[in-house]
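A quick write-up on the structure given underneath.
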Amino acid sequence: MRVSVPRPLIVLVAALFSGYIIVLGVYSLQGQFASSNEPVIVALAVYAFATFAVLVPDKRPRMPIWLAAFAVAIAVILPIIVALVVDPRREGGNGYATWYVAAVGTLMTITAVRRRPGFAWVGIGFLVLQTVLWTGPEYLAALGVIGSASWVGIAHLLTNALAKAVRDSQRFAIAERGAAEWQAAQEAHLNERQFRLGQTTVMALPMLRTIQQSAGDLTAAQRAECLHLEGAIRDEIRGRRLLNDAVREQVMLARRRGTTVTLLDEGGIDDIEGDDLDRVLGALADALRRTNADKVIARTVPEGSDVAITVVGLRSSDDGSASLLGNSLDDDEVELWLEIPRAL
Numbered sequence: 001m002r003v004s005v006p007r008p009l010i011v012l013v014a015a016l017f018s019g020y021i022i023v024l025g026v027y028s029l030q031g032q033f034a035s036s037n038e039p040v041i042v043a044l045a046v047y048a049f050a051t052f053a054v055l056v057p058d059k060r061p062r063m064p065i066w067l068a069a070f071a072v073a074i075a076v077i078l079p080i081i082v083a084l085v086v087d088p089r090r091e092g093g094n095g096y097a098t099w100y101v102a103a104v105g106t107l108m109t110i111t112a113v114r115r116r117p118g119f120a121w122v123g124i125g126f127l128v129l130q131t132v133l134w135t136g137p138e139y140l141a142a143l144g145v146i147g148s149a150s151w152v153g154i155a156h157l158l159t160n161a162l163a164k165a166v167r168d169s170q171r172f173a174i175a176e177r178g179a180a181e182w183q184a185a186q187e188a189h190l191n192e193r194q195f196r197l198g199q200t201t202v203m204a205l206p207m208l209r210t211i212q213q214s215a216g217d218l219t220a221a222q223r224a225e226c227l228h229l230e231g232a233i234r235d236e237i238r239g240r241r242l243l244n245d246a247v248r249e250q251v252m253l254a255r256r257r258g259t260t261v262t263l264l265d266e267g268g269i270d271d272i273e274g275d276d277l278d279r280v281l282g283a284l285a286d287a288l289r290r291t292n293a294d295k296v297i298a299r300t301v302p303e304g305s306d307v308a309i310t311v312v313g314l315r316s317s318d319d320g321s322a323s324l325l326g327n328s329l330d331d332d333e334v335e336l337w338l339e340i341p342r343a344l
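Under my numbering, think of the first position of the sequence shown as 1, with each following residue one higher.
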């Protein structure tokens, strides 16, 4: 969620208000408040250009430093230009001839809204100083200087409040994503545990009933079948993506033939789905069905390789007594070497 005020709306309001101030300045020319209209016309042109510069569309939400400094320079120049041709003690007042006060206030308010409040306060500070030196402090309220300072103060507070709201919303969004990810992970773990328990129950329940009925007095064949089931349960943990119904069946048949089968899924085929996965696992099941090796190791290959699974079948030269992880590995003969490709 992003908390913000539409930029086009802000620009439109500022442009309309600045245009209104320019209209007042032009209207003041008809009242002969200034000893010379040329400096006032120049001041109006400068203000119009400065307003356009600070309101021109910009993807950056924060005003560049050079532009903020330019706006402050205009805030300094406008009061000086107009004050040179306007009499502060004029009988009957100066009417709209002091339009520059609202102009500076508007320009500095825009500067504050565009996240340069320090520059805005510098411009307002000079306006206050110029007014005090030109007319005296008693005219600060009458000329609207206090009102201009109030605009900048309100803009500063609102900008800070909106910025804080944006930061808070971003933190809340990050926290929400983290909570959603945590919940998804917990649900995934729960579903995985439930699935594994279901698989284990399906495989082990018949043998558990046999153990119960025989009071633990199993035959040699039944004890061997328990070891095969234990291996199948281990496969569900270590070889998750390497298993489908055909592979499970061939692994069990191979173990019953006396073959030691090891399945190692290290995440290398997590990106394979659908028909490609069926083809890869079908090739693995076919290799297990055809081999007569004493030991078979099927392992996934890391992503980035053209090979999905490597299958190695070893035949022990000492009638199966050599251990796959022992020092007699060099005595084993390679009976099967198969690389199953990721894609045809």
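Every residue gets a Cβ at the ideal spot worked out from N, C-alpha and C, and that includes glycine.
No experiment lies behind these values; they were computed from the predicted model shown.
Asked                                                                                                                 : Found
Proximity test, L263 beta-carbon vs the ligand PLP heavy atom, cut-off 7 Å                                            : Ligands in the displayed structure: none, and consequently the ligand PLP is not present.
Given 8 Å, three or more beta-carbon pairs between the region 122-138 and the region 69-80                            : yes
Residue range of the beta strand (DSSP E) that includes P341                                                          : E333 to P341
Contained beta strand (DSSP E) runs [length at least 3] in the region 150-184, N- to C-terminal order                 : none
Candidates P57, E181, S36 and D217, of which the one nearest L9 by Cα                                                 : P57
Distance between I272 and G320 (C-alpha atoms, nearest Å)                                                             : A caution first: G320 carries a pLDDT of 47, below 50, which makes its placement in the model unreliable, though a value can still be read off. When rounded, the distance between both Cα atoms is 35 Å.
Same chain, Cβ closer than 8 Å to T200, five either side skipped, listed in chain order                               : I233 and E236
Distance, R209 Cα to R299 Cα                                                                                          : 34 Å
Cα-Cα separation, A175 to S148                                                                                        : 41 Å
Cα-Cα separation, F49 to I77                                                                                          : 13 Å
According to DSSP, residues forming a beta bridge with T262                                                           : I297
Minimum C-alpha distance to K295 - residue among D332, G118 and D270                                                  : D332
Option in D275, V280 and I80 with minimal Cα separation from W134                                                     : I80
Test item: CB-CB of V128 and V82 under 8 Å                                                                            : no
Neighbourhood of I340 by C-beta distance below 6 Å, restricted to the same chain and skipping five residues each side : V280, A283, A308 and I309
Buried or exposed (CB count within 10 angstroms, at least 16 for buried), T109                                        : buried
Supposed close pair V54, L107 - CB separation, criterion 8 Å                                                          : 7 Å
Closest by C-alpha distance to A103, when choosing among Y20, T131 and P137                                           : Y20
Secondary structure, alpha helix (DSSP H): runs of 4+ residues fully inside the region 36-108                         : 37-55 and 65-83
Where the beta strand (DSSP E) containing G313 begins and where it ends                                               : V307 to R315
Spatial distance of D168 from R177 (CA atoms)                                                                         : 14 Å
Secondary structure of A215, DSSP reduced to three states                                                             : coil
Assigned exposure category for F172 - 16 Cβ within 10 Å defines buried                                                : exposed
Y20 - containing alpha helix (DSSP H), residue span                                                                   : R7 to S28
Nearest neighbour of G118, chosen from V145, R62, K164 and A15 [CA to CA]                                             : R62
Expected contact under 8 Å - CB spacing of G239 and L264 to nearest Å                                                 : 6 Å
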